[in-house]
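Asker: Numbering (the numbering used here), first residue to last: 1 to 283.
Input: one structure, supplied below.
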């Protein structure tokens with residue numbers, strides 16, 4: 001059985017699907033009228049995405065609902081947002097993080113900025129385990145399945161025709177779970193990803209002022225949507241104006257970051273510090 005949040009997502013989606021059918025509209029027509037992507041309509045109706053208040057408002061406006069029906073649907077969204085998050089989903093994967101992982105897997109261009117936690121696509125299995133264990137209601141068996149699913153999805157990094165750009169603040173490197181040995185393995189992972197022709201990794205060092213005060217991390221999927229991860233779950237933004245604003249913000253962070261040789265030298269310096277913490281002798 002799925003989580004309570006999932007069940008409420010499905011109820012919201014089913015109600016919207018029924019209202020669309022009553023209006024005699026296809027998903028494509030509704031998406032066009034609402035000014036959102038057709039995949040967004042499909043995911044919401046199938047209970048795989050929680051729409052933002054803005055997106056839901058667009059859908060309700062396109063359906064031309066009366067105030068009573070619109071209020072009912074807004075109440076369903078509020079119920080989803082109030083539902084407790086569960087790590088385990090009905091398909092055995094993790095509910096927290098599943099929207100992001102799916103969005104990344106279907107995108108050809110992924111640009112991720114993070115200021116505290118490593119991007120999902122760069123996490124080692126042990127690092128990811130700590131991420132999932134920190135979520136509420138996270139039984140060990142569900143965490144194990146979530147970690148395995150996340151690692152499997154990282155294979156898209158190696159696929160030709162895809163491009164991934166990651167920009168991190170130095171705080172990401174220095175906000176660590178577990179023990180120093182875990183982070184040493186994580187640094188090896190970062191260096192390996194940086195060597196790929198399909199990926200670019202950048203770091204904004206603490207000695208360099210950030211161009212914009214970071215409020216949270218975010219991931220741009222193509223030029224169509226932004227996924228924002230929060231303590232309560234994930235929020236998908238597909239309003240064109242908001243996506244464009246996130247793209248501009250990402251570009252500013254990218255311009256401030258170290259890439260290439262400078263990046264690798266910086267990572268190795270921080271690695272030496274973790275080696276000292278772990279009691280290893282540095283050369």
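By construction, the Cβ of each residue, glycine as well, lies at the ideal position given by its N, Cα and C atoms.
Please read all numbers here as calculations on a predicted model, not as lab measurements.
Which residue marks the beginning of the alpha helix (DSSP H) containing residue 268, and which one marks its end?
Answerer: Here residue 268 refers to the residue found at position 268 of the chain shown. Residue 268 -> alpha helix (DSSP H) spans 260-277.
Asker: Does the Cβ of residue 26 have 16 or more other Cβ atoms within 10 Å, making it buried, or fewer, making it exposed?
Answerer: Here the question's residue 26 lines up with position 26 in the chain shown. Under this definition residue 26 is an exposed residue.
Asker: For residue 225, which beta-bridge partners are listed by DSSP?
Answerer: Counted from its first residue, the chain shown places residue 225 at position 225. Looking at the DSSP assignment, residue 225 forms a beta bridge with 221.
Asker: To which residues does DSSP link residue 168 through a beta bridge?
Answerer: Along the chain shown, read from residue 1 onward, the residue named residue 168 stands at position 168. Partner(s): 114, 203.
Asker: Is it a yes or a no for the region 216-231 touching the region 8-22, going by three-plus beta-carbon pairs under 8 Å?
Answerer: No: fewer than three Cβ pairs fall under 8 Å.
Asker: Which of the three DSSP states, helix, strand or coil, is assigned to residue 162?
Answerer: Numbered from 1 along the chain shown, position 162 holds the residue referred to as residue 162. Coil, per DSSP.
Asker: By the DSSP assignment, the alpha helix (DSSP H) with residue 146 in it spans what residues?
Answerer: Here residue 146 is taken as the residue at index 146 of the chain shown, counted from 1. Start and end: 140-153.
Asker: So, does the region 193-205 touch the region 167-179, judging by three or more C-beta pairs under 8 Å?
Answerer: The answer is yes - the region 167-179 touches the region 193-205, with three or more Cβ pairs under 8 Å.
Asker: Out of 103, 78, 63, point me to the one whose CA is closest to residue 40's CA.
Answerer: As a working note, residue 40 is residue 40 in the chain shown. Residue 40 has its Cα closest to that of 103, out of 103, 78, 63.
Asker: Between residue 111 and the rest of its own chain, which residues show a CB-CB distance below 6 Å, the 5 nearest in sequence each way excluded?
Answerer: The sequence position of residue 111 within the chain shown is 111, counting from 1. So the list reads 165, 220, 250, once near-sequence residues are dropped.
Asker: What first and last residue would you give for the alpha helix (DSSP H) that runs through residue 80?
Answerer: Locating residue 80 in the chain shown gives position 80, counting from the first residue. From DSSP, the alpha helix (DSSP H) with residue 80 extends over 67-82.
Asker: Starting from the Cα of residue 122, find the closest Cα among 71, 153, 138 and give me that residue.
Answerer: Numbered from 1 along the chain shown, position 122 holds the residue referred to as residue 122. The residue with the shortest Cα to Cα distance from residue 122 is 153.
Asker: Below 8 Å on the Cβ atoms is my contact criterion, and I expect residue 235 with residue 52 to pass it. Report the Cβ-Cβ distance as a whole number of Å.
Answerer: Here residue 235 is taken as the residue at index 235 of the chain shown, counted from 1. Here residue 52 is taken as the residue at index 52 of the chain shown, counted from 1. Right, the Cβ-Cβ distance comes to about 6 Å (below 8 Å), so this counts as a contact.
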